[in-house]
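S.K.: Let me give you the structure first, and then I'll get to my questions.
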Amino acid sequence: MQQSYITYHHIISSLGFDSKSNFEQLKKSKSGIKKYQRENGDEYYSSIIDKEKVDKLFSEIGTIDKYTTLEKMMLLSVNAILKKSNLNIGDRTGLILATTKGNVDVLSTKSKFYKDKSRSYLFELGSQISSFFNFKSKAIVVSNACVSGILAVAVADRLIKSKMYDDVVIVSGDLVTEFILSGFTSFQAISSTPCKPFSKNRRGITIGEAVASVLVSSTKKESAVEVIGTASCNDANHISGPSRTGEGLYLAVESALKEAQVLIDDVDYISAHGTATNFNDEMEAIAFSRLGMSEIPLNSLKGYYGHTLGASGLLETIIGIESLNQNTLIASHGFDELGVSKSINVIKSTTKKPLNIFLKTASGFGGCNTAVLFKKVINK
Amino acid sequence: MNKNRYIQSYCRITNNVIILNGKEVFRESSEDIKSFLKTVYKNFEIKYSKFFKMDNLSKLAFLGAELLLTDENKSSNIALVFSNAASSLDTDRKHQESINDIENYFPSPAIFVYTLPNIGIGEISIRHQLKSENAFFIFEKYNAAFHHTYENSLIQMNKANSVLAGWVNVDKNTCDAFLYLVSKKGKIEHTTENLIKLYNN
Chain A
1 MQQSYITYHH IISSLGFDSK SNFEQLKKSK SGIKKYQREN GDEYYSSIID
51 KEKVDKLFSE IGTIDKYTTL EKMMLLSVNA ILKKSNLNIG DRTGLILATT
101 KGNVDVLSTK SKFYKDKSRS YLFELGSQIS SFFNFKSKAI VVSNACVSGI
151 LAVAVADRLI KSKMYDDVVI VSGDLVTEFI LSGFTSFQAI SSTPCKPFSK
201 NRRGITIGEA VASVLVSSTK KESAVEVIGT ASCNDANHIS GPSRTGEGLY
251 LAVESALKEA QVLIDDVDYI SAHGTATNFN DEMEAIAFSR LGMSEIPLNS
301 LKGYYGHTLG ASGLLETIIG IESLNQNTLI ASHGFDELGV SKSINVIKST
351 TKKPLNIFLK TASGFGGCNT AVLFKKVINK
Chain B
381 MNKNRYIQSY CRITNNVIIL NGKEVFRESS EDIKSFLKTV YKNFEIKYSK
431 FFKMDNLSKL AFLGAELLLT DENKSSNIAL VFSNAASSLD TDRKHQESIN
481 DIENYFPSPA IFVYTLPNIG IGEISIRHQL KSENAFFIFE KYNAAFHHTY
531 ENSLIQMNKA NSVLAGWVNV DKNTCDAFLY LVSKKGKIEH TTENLIKLYN
581 N
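Chains as they are written, first to last, in this note's numbering: chain A, 1 to 380; chain B, 381 to 581.
Shown next, in the form of structure tokens:
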């Protein structure tokens, strides 16, 4: 069957405007989380992108006033991928857009796009990106809660294996909005301190924002990673809480391992979801323990970026790819004392180690769980 | 390519009519979608109290699954692949209304949880205990070619034995669903052309 590879990637976050600078900041243990103020005056912690810089960079490729904040960041990121890869967009090039809430900020009466009733539709967000770059087919929008970004990688791999496309550009992104903050606050899920995934003293989520893009290609190149196994399984348990037994995550990882034909011992690193809510982190620890993966070095990157919703899976995949390429395990920021009932091997300090295969997982509302395995391409 | 893959059964739900496997099985004119969906629930004698907590999009998806996942149709490992145009905007607008005014601010977790299009997939998974592949996509219109390719890929890659799939859209007091079960049994071949034909019928 046709293999697929991630050959190029790009990140826009509070820590930088490309993948390289993001990874450099993580190596220095620098977190992008800071204190901000809500409209009602309440303080909260978040990881927020410099919008003045977005406009400054965007003015070089387009008209600032014509696009929403998220569109500008997505266009910048896809533009960077197309430039770096020299990709020729043809009939066999696909575009996948992954997001949880897209342009949801335009629903607010305060948005200058409020009167443009089409702008809140996710297919319209897709059209803005596809028509800017003259993609030949319409964007495929994946909106599956917080697994959207990593699920998009599984979808791209399957579409390439089905011979629908030779290359697929994936762009994923979500913003910090009053819509999201108010919702998670009503769930009492927001931490009053920067989030501390898997820690004893964790107090919930820190919401963040990011845009991440990759090129998934049927042609491999040096420094690429191969997508070797993908799966997405539902807990069939609860719509807003994870399964107590980690069933969906367990099944997803098992299915991805089976497709990849690799053993648990072959997995060098796990990039977990780790939102720092009590139930989520506990669920993941149970699932990894049931899978026999307790010894594998694991981190959550939420301590650097917060939970960037639909973007998180792709953002964290890119950091995982850089980890493989630089043979570097990144410390799980905010972690102190293990606060889950099963033993897991949380990375305490950033260390050099030969790495070949890593597992990315994510879980979200609606009971969804996605797992994807990646392998370093070694041929020269 | 799609050898031995069929549309085993299908249903079409619009504002006041339900068509199951080509036959009209229900007709009722209701003032709004909410009351229409409730009448459908009663008419088919469904017993599932969680139904009443759901938003209209989840209710619509749930009812479609109830009609198609009968005991004789059920097999193991049924994937869920849905798409629509409006995502969860119908409920998003309600949540936004509750936070527009800082003086009159009342966001509710019971509404917020439905501001995701894939919650209906979760509801169906719980109801039928499907711990299977699931994904929600957004397109301007039902994209039969994409659905056909993706549904096939799940079966070909052994990720699922059958797939409950289709279009489920709720927007501005209109609803439109076209759901079908792809499996190795049936008479209608699973092709893009047949999917378009059944959707337009």
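Heads up, the beta-carbon is just placed ideally off N, CA and C, and yes, glycines get one too.
Just to confirm my understanding: we take T394 of chain B, look at its own chain, exclude 5 residues before and 5 after, and list those with CB closer than 6 Å. What are they?
M.R.: D556
S.K.: Closer than 8 Å, Cβ to any Cβ of chain A: which residues of the stretch 545-556 of chain B, in chain order?
M.R.: none
S.K.: Report the residue ranges of all alpha helix (DSSP H) runs contained in full by the stretch 97-142 of chain A; include only those spanning at least 4 residues, in chain order.
M.R.: 122-132
S.K.: Name the residue from B:S429, B:E520, B:F558 and B:A466 whose alpha carbon lies nearest to the alpha carbon of L447 of chain B.
M.R.: B:F558
S.K.: Is any beta-carbon of chain B found at less than 9 Å from that of T308 of chain A?
M.R.: no
S.K.: Select from the stretch 106-126 of chain A all residues with a C-beta closer than 7 Å to any C-beta belonging to chain B, and list them in chain order.
M.R.: L107, S108, T109, S120, Y121, L122 and F123
S.K.: Under 7 Å Cβ-Cβ, which residues of chain B neighbour M164 of chain A?
M.R.: The answer, in chain order, is T529.
S.K.: Tell me the DSSP secondary structure of V346 of chain A in three-state form.
M.R.: strand
S.K.: Taking 6 Å as the limit between beta carbons, can you name the residues of its chain near I347 of chain A, skipping five residues before and five after?
M.R.: The residues are P297, N299, L329, A331 and S332.
S.K.: Does any C-beta atom of chain A lie closer than 9 Å to the C-beta of F516 of chain B?
M.R.: Taking Cβ atoms only, chain A reaches closer than 9 Å to F516 of chain B, which makes this a yes.
S.K.: Check whether the Cβ of N382 of chain B lies closer than 9 Å to any Cβ atom in chain A.
M.R.: The predicted position of N382 of chain B is uncertain, since its pLDDT is 47 and thus under 50; a value taken from the coordinates is nonetheless stated next. No, N382 of chain B lies away from the interface with chain A (no Cβ there is under 9 Å from its Cβ).
S.K.: Starting from the N-terminal side, write out each stretch of the alpha helix (DSSP H) that is 4 residues or longer and does not extend beyond the stretch 459-494 of chain B.
M.R.: Unbroken alpha helix (DSSP H) runs of no fewer than 4 residues, entirely contained in the stretch 459-494 of chain B, are found at 469-477 and 489-492, following chain order.
S.K.: Thinking just about the alpha-carbon of each residue, which of A:Y5, A:N22 and A:H9 is nearest to the one in L301 of chain A?
M.R.: A:N22
S.K.: Starting from H508 of chain B, trace the alpha helix (DSSP H) both ways and give me its first and last residue.
M.R.: I499 to H508
S.K.: So L314 of chain A and S85 of chain A are in contact, right, with Cβ under 8 Å, and what is the actual spacing, rounded?
M.R.: About 16 Å separates the two Cβ atoms, so there is no contact after all.
S.K.: So the alpha helix (DSSP H) A540 of chain B belongs to, where does it begin and stop?
M.R.: Note, A540 of chain B: premise wrong, no alpha helix (DSSP H); not H, not E.
S.K.: From B:S512, B:G566, B:S488 and B:S563, pick the residue whose C-alpha is nearest to that of L251 of chain A; which is it?
M.R.: B:S512
S.K.: Classify R119 of chain A: buried if its beta carbon has 16 or more other beta carbons within 10 angstroms, exposed otherwise.
M.R.: It counts as buried.
S.K.: Roughly how far, in whole angstroms, is the beta-carbon of I535 of chain B from the beta-carbon of G366 of chain A, given that I think they are within contact range, below 8 Å?
M.R.: With 8 Å as the limit, I535 of chain B and G366 of chain A do not qualify as a contact, their Cβ atoms being about 23 Å apart.
S.K.: Check whether chain B comes within 9 Å of K138 of chain A, counting only Cβ atoms and requiring the distance to be less than that.
M.R.: At least one chain B Cβ lies under 9 Å of K138 of chain A.
S.K.: What are the start and end residues of the beta strand (DSSP E) that includes S77 of chain A?
M.R.: Counting along the chain, S77 of chain A falls outside any beta strand (DSSP E), though it belongs to the alpha helix (DSSP H) covering T69 to S85.
S.K.: Grouping DSSP H, G and I as helix and E and B as strand, with all else coil, what is Y530 of chain B?
M.R.: helix
S.K.: For the stretch 498-523 of chain B, which residues have a beta carbon sitting closer than 7 Å to at least one beta carbon of chain A?
M.R.: N498, I499, I501, G502, E503, S505, I506, Q509, L510, K511, S512, E513, N514, A515, F516, F517, I518, F519 and E520
S.K.: Identify which residue in A:M283, A:V169, A:F374 and A:K258 has its Cα closest to the Cα of Y269 of chain A.
M.R.: The residue with the shortest Cα to Cα distance from Y269 of chain A is A:F374.
S.K.: Would a check of beta-carbon distances place V405 of chain B closer than 9 Å to chain A?
M.R.: Not an interface residue.
S.K.: Count the other CB atoms within 10 Å of the CB of T351 of chain A; is the residue buried (16 or more) or exposed (fewer)?
M.R.: exposed
S.K.: Specify, as a first and last residue, the run of the beta strand (DSSP E) that R407 of chain B falls within.
M.R.: First-last of the beta strand (DSSP E) with R407 of chain B: K403 to R407.
S.K.: Would you decide whether F288 of chain A is buried or exposed? Buried here means 16 or more other CB atoms lie within 10 Å of its CB.
M.R.: Counting Cβ neighbours within 10 Å, F288 of chain A comes out buried, since at least 16 surround it.
S.K.: The alpha helix (DSSP H) spanning D556 of chain B covers which residue range?
M.R.: Run containing D556 of chain B: none in the alpha helix (DSSP H); it sits in the beta strand (DSSP E), T554 to S563.
S.K.: Take D551 of chain B and list the residues in its own chain whose beta-carbon comes closer than 8 Å to its own, dropping the five residues that flank it on each side.
M.R.: Counting only Cβ-Cβ distances below 8 Å, and skipping sequence neighbours, we find A465, A466, L469 and D470.
S.K.: How about S143 of chain A and T99 of chain A: are their beta carbons less than 9 Å apart?
M.R.: yes
S.K.: In whole angstroms, what separates the C-alpha of N580 of chain B from that of E404 of chain B?
M.R.: 15 Å
S.K.: Using a Cβ cut-off of 7 Å, pull out every chain A residue sitting near V493 of chain B, in sequence order please.
M.R.: Going along chain A in sequence order, the residues near V493 of chain B (Cβ under 7 Å) are I239, S240 and F365.
S.K.: Which same chain residues end up closer than 7 Å to F123 of chain A when comparing Cβ atoms and leaving out the 5 residues on each side of it in sequence?
M.R.: The residues V141, in chain order, have a CB closer than 7 Å to that of F123 of chain A in the same chain once the five nearest residues on each side in sequence are set aside.
S.K.: Per the contact definition of three or more C-beta pairs closer than 8 Å, is the stretch 130-137 of chain A in contact with the stretch 206-219 of chain A?
M.R.: no
S.K.: Can you check whether the CB of N103 of chain A is closer than 9 Å to the CB of E71 of chain A?
M.R.: yes
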